[in-house]
Amino acid sequence: MIPIVNTFDLSVLRCLSAIGGGNVTKVTQKLDRSRTYVRARLVTLAETGYVRAIGVEPRYHTFELTSAGRSVARRAETCPDA
Numbered sequence: 009m010i011p012i013v014n015t016f017d018l019s020v021l022r023c024l025s026a027i028g029g030g031n032v033t034k035v036t037q038k039l040d041r042s043r044t045y046v047r048a049r050l051v052t053l054a055e056t057g058y059v060r061a062i063g064v065e066p067r068y069h070t071f072e073l074t075s076a077g078r079s080v081a082r083r084a085e086t087c088p089d090a
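In structure tokens, the structure reads:
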């Protein structure tokens with residue numbers, strides 16, 4: 009598993025953990041970042057195994073945490089600097 013070095017990725021994982029998964033728009037609204045940036049981070053997190061994209065059409069993907077993503081999100085929630 010590739011380690012997470014982008015602190016915003018930790019925010020994305022914590023957000024998905026809190027809302028139980030969601031699409032790019034939902035995460036964008038919660039984290040107040042551009043849709044393009046959030047989508048790029050979600051795609052990277054999916055490629056590295058921290059989230060899973062659900063759906064056939066990429067525009068309508070819903071993202072959920074994998075077990076690795078849940079583990080990292082849990083650790084990030086207990087670490088005030090993450």
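According to the numbering used here, the sequence shown is numbered sequentially starting from 9. Glycine included, every Cβ here is placed at the ideal spot set by N, Cα and C. Just so we're clear, the structure is a prediction, and the values are computed from it rather than from any experiment.
As assigned by DSSP and simplified to three states, the class of A90: Sequence index remark: in the sequence shown, residue 90 carries index 82 (1-based). Low confidence applies to A90: its pLDDT is 47, below 50, so where it sits in the model is not reliable enough to give any reading.
Inter-stretch contact at 8 Å, needing at least 3 Cβ pairs: the region 16-24 / the region 49-65: Proximity of the region 16-24 to the region 49-65 meets the contact definition, three or more beta-carbon pairs being nearer than 8 Å.
Rounded straight-line distance, which links the Cα of V32 to that of P66: Taking the sequence shown and counting its residues from 1, one reaches residue 66 at position 58. Taking the sequence shown and counting its residues from 1, one reaches residue 32 at position 24. C-alpha separation (whole angstroms): 10 Å.
Among D40, E85, A26, S42, nearest to F138 - alpha-carbon criterion: Shown here, the chain extends from 9 to 90; a query on residue 138 therefore has no answer.
Coil, strand or helix - E65 by DSSP: Translated into the one-based positions of the sequence shown, residue 65 becomes position 57. Coil.
Euclidean distance between Cα positions of L39 and F16: Working through the sequence shown from its first residue, we reach residue 39 at position 31. Working through the sequence shown from its first residue, we reach residue 16 at position 8. Straight-line spacing of the CA atoms in L39 and F16 works out to 9 Å.
Per-residue DSSP class, three states only, for T70: Position 62 of the sequence shown, counted from the start, is the residue given in the question as residue 70. Of the three classes helix, strand and coil, the one that applies to T70 here is strand, per DSSP.
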